[in-house]
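Report on the following structure.
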Amino acid sequence: MQDFNAIALAMLIYGAALVFATGFIWRVSHMQEKLGKLKIALKALLWLGDSHIFKKDKLLWAVRLLLRISVMLAGLRYLRYLLYPVPQFLIASDDVTLLALQLLPLLLLAEFSLRSLRDSGIALSGSLDMFFNLLLTALVVSGLCFHYLSGAELLEIKAYTLGLVFLRIEDLPAYPLFSLHVVLLSITLTAFAIVKFYISDRRKGGAA
Amino acid sequence: MTARGFNIVLLSLLSLWLLLAASGCDYEEKPVYEGDWVIKDACTPYMIDVPPFHTPISEWRVTHKRFLEDGLYTEKRCLICHEPDVACNRCHNYVGVKPVYPELQDPGYSPGFIRVWHSVAPEEY
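Protein chains in written order, with this note's numbering: chain R, 1 to 208; chain D, 1001 to 1125.
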């Protein structure tokens, strides 16, 4: 019988992944209803670029753009833990994605500082946005601590994560920082999906 | 997309994943360290003892990258003893790390064969 912790962590990840995937499809389906396919692509580009911030504070705009690109690249890096065989482009982009990961704490700090110190008159989503920044910071710091301090064997991590994809719960790697990192990831995915996909959609009248 | 369309997309994705997971296709067990034709706690299948700097081997598996990055060791020197497909690439391919490819033109490279011990390796290695 598998360790209780391994099963509990797996259930947490499955739950978070389901909430996130459902929220994403929900949001895209409602956007498509309102905007049509071409406009979705345009909106995604605008979101990536934060066009309304660009007009008011170019430095903050640049930092936010870099932050989002870094998050996406870092996410791309972790696909290797869920796939086998690992696609060549993931292996080839190793240096770039590692750099993005290392830049993340700096970018988060820069964004936090800019938003705290500068009065740009930009209406962002305020405390919720800050909450996500804090969650993301905790996630990144736990990940970096795990990477540099745990001395973890990647084989064990990969065996556990690949097992999750194939519904086989393998032994949980014996690294507390790994468990913490996964718990934080699950919380981030769930909170992001609920706030950004469901609540903001309802506020805008999309799903109501 | 209507609510019905949304449900169909979601259910299709979930079914596809469950089908993939249940079929177990491409599921790869992690490389293990005992038995025949698997990675052993030895330099190559032909070597019995683990060199002192490789011990404990569990630690070496984690730290070897740092040794290479810091220049304390070179890939060329590793390949004097190690055959990459036996000692390196099974794990590298599994976790998605850059595989090790020997430069076949290097003088004295003999894959899978212990040509010389590290201590008597040529200076340029």
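All residues carry an ideal CB built from backbone N, CA and C; glycine is no exception.
Values in this document were obtained by computation on a predicted structure and should not be read as measured data.
Checklist entry - Based on Cα-Cα distance, which residue from Ile194(R), Leu114(R), Glu153(R) and Leu154(R) lies nearest to Leu60(R)? => result Leu114(R)
Checklist entry - Cβ of Cys1086(D) less than 8 Å from any chain R Cβ? => result Inspection of the sequence shows that residue 1086(D) is occupied by Val rather than by Cys. Not an interface residue.
Checklist entry - Using a Cβ-Cβ distance under 8 Å, would Val96(R) count as near chain D? => result no
Checklist entry - Three or more C-beta pairs closer than 8 Å, one from the segment 167-183 of chain R and one from the segment 23-30 of chain R: is that the case here? => result no
Checklist entry - According to the neighbour-count rule (16 or more other Cβ atoms, all chains shown, within 10 Å of its Cβ), is Ser1012(D) buried or exposed? => result exposed
Checklist entry - Should Ile25(R) be flagged as near chain D, meaning a C-beta pair shorter than 8 Å? => result yes
Checklist entry - Under the rule that 16 or more other beta-carbon atoms within 10 Å means buried, what is His1082(D), buried or exposed? => result buried
Checklist entry - Do the segment 147-157 of chain R and the segment 186-196 of chain R meet, that is, are 3 or more Cβ pairs less than 8 Å apart? => result no
Checklist entry - Can you find at least 3 beta carbon pairs, one from the segment 91-108 of chain R and one from the segment 158-177 of chain R, that sit closer than 8 Å? => result no
Checklist entry - Could you give the distance in angstroms between the alpha-carbon of Glu111(R) and the alpha-carbon of Leu1079(D)? => result 46 Å
Next on the checklist: Contact defined as beta carbons within less than 8 Å: I believe Leu18(R) pairs with Leu67(R). What is the distance between those atoms, to the nearest angstrom?
Outcome noted: That belief does not hold up - the Cβ atoms of Leu18(R) and Leu67(R) are roughly 26 Å apart, past 8 Å.
Next on the checklist: Would Pro1056(D) and Pro1084(D) be called neighbours here (beta carbons separated by less than 8 Å)?
Outcome noted: no
Checklist entry - With 16 as the cutoff for other CB atoms within 10 Å, does Leu7(R) come out buried or exposed? => result The sequence given here has Ile at residue 7(R), not Leu. The residue in question, Ile7(R), is exposed, as its Cβ has fewer than 16 Cβ neighbours within 10 Å.
Checklist entry - Beta-carbon separation of Thr97(R) and Ala62(R) under 8 Å? => result no
Item to check | Under 9 Å from the C-beta of Tyr1027(D): neighbouring residues of chain R | outcome: Tyr84, Leu162, Gly163, Val165, Phe166 and Arg168
Checklist entry - Mind checking Ser127(R): buried by the 16 CB within 10 Å criterion, or exposed? => result exposed
Checklist entry - How about Val1095(D) and Leu154(R): are their beta carbons less than 8 Å apart? => result yes
Checklist entry - Under 8 Å Cβ-Cβ, which residues of chain R neighbour Val1062(D)? => result Gly151, Ala152 and Glu153
Next on the checklist: Can you list, in chain order, the residues of its chain with a C-beta nearer than 6 Å to that of Thr137(R)? Leave out the 5 residues immediately preceding and following it.
Outcome noted: Leu108
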